[in-house]
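Okay, so here's the structure we're looking at.
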Amino acid sequence: YTWGVWAIYMVLAVNLSEEQVLKQACPSCDATQICNCSSMDLDFIPAGLTAKITVLNLAHNRIKHIRTQDLQQAVNLRALLLQSNKISSIDKDSFRSLGKLELLDLSNNSLAHLSPAWFGHLFSLQNLHLQGNSYRDLGESSPFSSLRSLSALHLGNPQFSTIRRGNFEGIELLDKLWIDGGNLSQYEPGSLKLIKKINHMIINIRNTSVFSTIVRDLLHSVVWLEVREIKVEIENKSLVENSTLPFRIQKLTFKDASFTDQYISLLIVLLKEITSLQELEVIDCVLEGKGDWDTKEIARGGQSFVERISVINVTIQTFYLFFDMKGMESQINKLKTLTIASSRVFMVPCELAKHFSSLLYLDFHDNLLVNSRLNETICKDAWPSLQTLNLNQNSLKSLKQTADSVARLPKLIHLDISQNNFGVIPDACEWPKTLKHLNLSSTQIPKLTTCIPSTLEVLDVSANNLKEFGLQLPFLRELYLAKNQLKTLPGAAPIPNLVAMSVRRNKLNSFSREEFEGVRVGAVHLSLMECHRSLVVSLICALVFLVILVLVAVGYKYHAVWYLRMTWAWLQAKRKPKRAPAKDICYDAFVSYSENDSDWVENIMVRELEQACPPFRLCLHKRDFVPGKWIVDNIIDSIEKSHKTLFVLSEHFVQSEWCKYELDFSHFRLFDENNDAAILVLLEPIQSKAIPKRFCKLRKIMNTKTYLEWPPEEEQQELFWENLKGALKS
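Residues -19 to -1, 1 to 711 in mature numbering (1 follows the signal peptide of the UniProt record, and there is no 0) are what the sequence shown spells out, letter by letter.
Right under this line is the structure:
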């Protein structure tokens, strides 16, 4: 007894000391599920991590090694952040207990190789970050073969040079794949074909030969391919060589890339072979040329299938010498969306503009367009189908000339000419008759005149110097007047259909009755929710509360919670093998008993059986259950690891909820096999009416199996023990 007390004391002392170490190393871990230990100059993973922690942030420390025992108790961890340490080695079982982990970040460390053993038990892992280490390849096989839930993978580094066949075996679907392969020089064809679908792939690459091979492998799997840092000349070789239709790739993005005129010409020809390609983006790139493209070769390649093109922040050193792109007409007549932003565009030749026959959306924001060049860009018969035009943040100075130019667009609905310095506004302007949305914000206009078209439904004149608003706009539904100098609200009569108005940051100080005149309240038809929102919400909440209350009462009366918990545990138990291997049997019997019968079990039965010759090994919940483990799991594991299950039946037993669990699990795992693994000991007579109705299994067992009765007479007890020992040995 003294040794037992001493052992318990030592265990408690160790646990307390570990908690103190954890609290000292990382104060935020105290009584919280999120443990933030980042940037604390740690050179080890602190001890004392428990099952309550779901997020552990150890980023930006000096950790070099992860040991098997470091994370053993953190079984409920969902996110583990270890980026920016000095990790160079990881024990193979370090992550073995992290079956619920969803995010693992090991980026920017010193890992010279990747081991499949690290990830072998991370069945729930969705996001894995391995970039910025020092490995040169992914090994001879796949490190990711066990990661069936993986959706995002980021790998690679400046030393990463080789991808082999089989490196991605086991991965079928990825939402995002990012490969830092700036120095990738060896790629075995077919390596990425193992992945059936990739929604978005980013690859940093300089070797265009490798790039071409990768594109061929991705034609049937990737939806959006983003290529970064590619610089050298592309090889004159088909990107769809020996590939069959249909392709999956729909969007291609080039970012931080460098192009020559020759490169552009060849790339346009090769990309037309990818018949599924619908969208092309060029972002933060450099064009080392002046538009001297081989238009004849491009035209011979046939029609382009691309419908959307975005060119954003492209640097052309000699943009003022750029060619007029004559000869490209056949490549643009199917285009529907075109964005050329922050790229020093100052005009589009009239003849070229006439061939954008299908274009619906044109965005030229943040460029160098002036009114004289705009007049040529939007010449007669140019952009015939255009519905939306964005000229925000250019160098337009005359609102009248701007209106005259866009008046040539017969189908224009949306026009944004904000952040141009017009300064003045004429009394009359000519606009497209179809125009409904006009943005004139931040244009320095001091007033509003009848230059504003009466057809508008949405008008934005925010951030100007307006002191009043008196326009007659019968169709206007939205009006934005923020950041002006208004002292009164606009009158209601001139804008009868207005439903939304913004007047923040003005100088309003009074309101007149006329400003609020409009549709009479009696003519407005509002729903019950609109009229009595608070009452309706209150009634709904009360009804929901009442329903929940009734469900709780019914569930309590008919033990619904108990059945739900049992069903869940039973489903988990059913997934396990019916019978544990012989090597896993640790006990002769698992003893199921009520706490009220513990005196007889622990002081009489255990002493008689465990001191017998040979002794029997018994499993008792007080003594042998694993601390910290869910009690249902303890019950299931103990039954599975025991040769027999011994039930000590009494009236206390049938009133114990945990005894019910143990009986049911024993029935699921043992009685279904039609064997004699259950032994019933009747400690006292049990009246049938004392057995609850839901305890039908106990009734069935007592009707079909022979049980031992504990005799109160001492002379009969010896025979009882002999029979019990015989049953345990059978």
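In this text, a Cβ means the ideal position worked out from N, Cα and C, and glycines have one as well.
- In this chain, Lys603 is not harboured by any beta strand (DSSP E); it is covered by the alpha helix (DSSP H) spanning His602 to Asp605.
- Within a 10 Å sphere around the beta-carbon of Tyr568 sit 16 or more other beta-carbons, which makes this residue buried.
- Partner residues in a beta bridge of Lys428, as assigned by DSSP, do not exist.
- For Cys331, the enclosing alpha helix (DSSP H) starts and ends at Cys331 to Ala334.
- DSSP places Val587 in the uninterrupted alpha helix (DSSP H) bounded by Val587 to Glu591.
- For Ser202 against Ile179, the beta-carbon gap comes to about 5 angstroms, under 8 angstroms, which counts as contact.
- In the DSSP annotation of this structure, the continuous segment of the alpha helix (DSSP H) that includes Ile616 starts and ends at Ile612 to Glu621.
- By the neighbour-count criterion, in which a residue is buried when 16 or more other Cβ atoms sit within 10 angstroms of its Cβ, Gln5 is exposed.
- Annotation for Tyr574: Val582 and Val629 place their beta carbon closer than 6 angstroms to its own, counting only its chain and skipping 5 residues before and after.
- Annotated as distal: Arg458 and Leu429, with beta-carbon spacing of 8 angstroms or more.
- Counting other Cβ atoms within 10 Å of its Cβ, Ser435 stays below 16 and is therefore classed as exposed.
- Here His110 is near Leu87, since their CB atoms are less than 8 angstroms apart.
- Taking the CA atoms as reference points, Val442 sits about 26 angstroms from Leu319.
- Scanning its chain for C-beta atoms nearer than 6 angstroms, with the 5 sequence neighbours on each side dropped, one finds around Glu150 the residues Ser123, Ser126 and Leu175, in chain order.
- Every beta strand (DSSP E) stretch that sits fully inside the segment 117 to 177 and reaches 3 residues is listed by chain position as 133 to 137 and 154 to 162.
- With respect to the C-alpha of Ile195, the residue from Asn217, Gln167 and Glu690 having the closest C-alpha is Gln167.
- Residue state for Tyr537 is assigned as helix, using DSSP reduced to three classes.
- Beta-bridge partners of Glu260 (DSSP): Lys232 and Arg289.
- The shortest C-alpha to C-alpha distance from Val36 to any of Thr299, Ala28, Val56 and Arg485 is the one to Val56.
- When DSSP reads this structure, Ser338 sits in no beta bridge, so it has no partner.
- By the 16-neighbour rule on beta-carbons within 10 angstroms, Gln312 is buried.
- With contacts defined as CB atoms closer than 8 angstroms, Phe228 and Thr256 qualify as a contacting pair.
- In the DSSP assignment, Val351 falls outside any alpha helix (DSSP H), carrying neither H nor E.
- The segment 403 to 411 and the segment 359 to 376 do not touch, with fewer than 3 CB-CB distances between them shorter than 8 angstroms.
- Cys16 and Arg209 have their C-alpha atoms spaced approximately 36 angstroms apart.
- Between Leu349 and Leu367, the gap from beta carbon to beta carbon reaches 8 angstroms or more.
- Beta-bridge pairing by DSSP links Met482 to Leu460.
- The beta carbon of Glu260 lies closer than 6 angstroms to those of Lys232 and Arg289 in the same chain, with the five residues before and after it left out.
- Distance from the CA atom of Gly472 to the CA atom of Leu340, rounded to whole angstroms, is 39 angstroms.
- Annotation for Phe571: no alpha helix (DSSP H) segment contains it, though the beta strand (DSSP E) segment containing it runs Tyr568 to Ser573.
- Beta-bridge analysis with DSSP links Trp205 to His181 and Lys232.
- DSSP places Ala322 inside the beta strand (DSSP E), whose first and last residues are Thr318 to Ala322.
- In terms of Cα proximity to Leu470, the closest of Thr358, Lys488, Ile144 and Ser423 is Lys488.
- Secondary structure of Cys522 (DSSP, three-state): helix.
- Within the same chain, and ignoring the five residues on either side of Glu269 in sequence, the residues whose Cβ sits closer than 6 angstroms to its Cβ are Thr241.
- Rounded to the nearest whole angstrom, the C-alpha separation of Lys564 and Leu95 is 33 angstroms.
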